[in-house]
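As structure tokens, the structure follows; a few thoughts come after it.
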Amino acid sequence: MIYIQVKLISYPKETDLIAKMAAAICYSGGHDYEEIRKEAERKPAEYLSKIVKNGHLSILEHNIYVFYVSGLSRVASHQLVRKRIASYSQQSQRYVDAKNFRAVIPETIENSQFTEQYSKKLEECSNLYQEMVDSGIPKEDARFILPGATTTQLIVSMNAHSLVDFFVQRLCVKSQWEIRQLAEIMLDEAQKVSPLIFKDLGAYCDFYGYCPENDKSCGRIKTLKEILHNDN
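If you want it as structure tokens, here you go:
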């Protein structure tokens, strides 16, 4: 079993204060930096959490977080890189030799009668890839045999607004297990350096109080459709 590794490698100093200052700019009558900073410093901890909860997330966009991610399958990385706004640098299968690629084995397969067969097919893919490359097939073409389970490495940069959106979407119990696991680890890292911004953050339903999935809801919390129907 391959385990996802996440390291927060860069973030601004005083992330919570930066967000508070952005909010102070929007809502106060201060006229200079020192005045705005002092007003932001006077705000209680719950001030920032309340603003985030109310959806004024543009104040978070001044904080950029850079993560190193490894052990993630290509299946999950395809889900990750669809998230905008963010920046990604991913290990290339065109240039990097994948003869000894590592692969994720889902727990359901690892605990089933298919474990041996699954591992054998991975080995066959690896052997065929190596044979093709050794015979002169370009890596950019030989990589077509590599499975979606192949692990990858990325540098991921997101501002705090994008991170909040990513977390509430991917922490949902209906999210694919691997991308949900990644979100859990990234949230834990972000909370260490920005405890106020990411306080009490969880799945969309837990954070906002309703499920946006409507007909695809798991049923744990009322959907927006149900709430609006009851109000009528």
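In terms of the working numbering, the sequence shown opens at residue 937 and continues consecutively.
Note that CB positions come from ideal geometry on N, CA and C, so glycine has one too.
Proximity below 8 Å, CB of residue i to CB of residue j
i: LYS956; j: LYS974; result: no
i: ALA1096; j: ILE1073; result: no
i: LYS1035; j: PHE1102; result: no
i: VAL1104; j: TYR1140; result: yes
i: ARG1030; j: THR1087; result: no
i: TYR1004; j: ILE945; result: yes
i: ILE1021; j: SER1111; result: no
i: SER985; j: ILE972; result: no
i: LEU1137; j: GLU1120; result: no
i: VAL1017; j: ALA1085; result: no
i: ALA1012; j: ILE1115; result: yes
i: LEU1064; j: ILE1045; result: no
i: THR951; j: VAL1109; result: no
Supposed contact pair residue j and residue i - C-beta distance, whole angstroms, cut 8 Å
i: ILE1091; j: VAL1002; result: 7 Å
i: ASN1166; j: THR1159; result: Not confirmed; about 11 Å, so no contact.
i: GLN1191; j: GLN1015; result: Coverage of the chain is limited to positions 937 through 1168, which leaves residue 1191 absent and any answer about it impossible.
i: VAL942; j: GLU1076; result: So it is not a contact: roughly 29 Å between Cβ atoms.
i: LEU953; j: VAL1100; result: Contact doesn't hold; Cβ gap of about 18 Å is too wide.
i: ILE987; j: PRO948; result: Wrong, their Cβ atoms sit about 18 Å apart, outside the cutoff.
i: ALA960; j: HIS998; result: Their Cβ separation, rounded to whole angstroms, is 12 Å, which puts ALA960 and HIS998 out of contact at 8 Å.
DSSP bridge partner residues for residue i (one or two, in chain order)
i: GLN941; result: SER1006
i: THR1044; result: Partner(s): none; THR1044 has no beta bridge.
i: SER1204; result: Given that the chain is displayed from residue 937 to residue 1168, the structure contains no residue 1204 and the question cannot be resolved.
i: ALA1039; result: THR1086
i: THR1051; result: Paired residue(s): none; THR1051 is not in a bridge.
i: THR1159; result: CYS1147
Near the ligand COA: residue i beta-carbon under 7 Å from a heavy atom
i: GLU1162; result: Because no ligand of any kind appears in the structure shown, any question about the ligand COA cannot be addressed here.
Residue i at chain C interface by Cβ criterion, 8 Å
i: ILE954; result: Going by chain labels, chain C is absent from the structure shown, which holds only one protein chain.
**OP:** Quick one: which unbroken alpha helix (DSSP H) runs of 4-plus residues sit fully inside the segment 953 to 1025? Chain order, please.
**Re:** 969 to 978, 981 to 989, 1010 to 1016
Original post:
Hey, is the segment 962 to 971 in contact with the segment 1047 to 1062, meaning 3+ C-beta pairs nearer than 8 Å?
Top reply: no
Original post:
Can you list the beta strand (DSSP E) stretches of 3 or more residues lying completely in the segment 1083 to 1154, in chain order?
Top reply: With a minimum length of 3 residues, the continuous beta strand (DSSP E) runs that stay inside the segment 1083 to 1154 are 1087 to 1095.
**OP:** Answer yes if the segment 1060 to 1075 comes into contact with the segment 976 to 994, meaning at least three C-beta pairs across the two stretches below 8 Å, and no otherwise.
**Re:** no
**OP:** Tell me, please, whether the segment 998 to 1018 touches the segment 1063 to 1072 by the rule of three or more beta-carbon pairs shorter than 8 Å.
**Re:** Contact between the segment 998 to 1018 and the segment 1063 to 1072 is absent, because fewer than three Cβ pairs lie under 8 Å.
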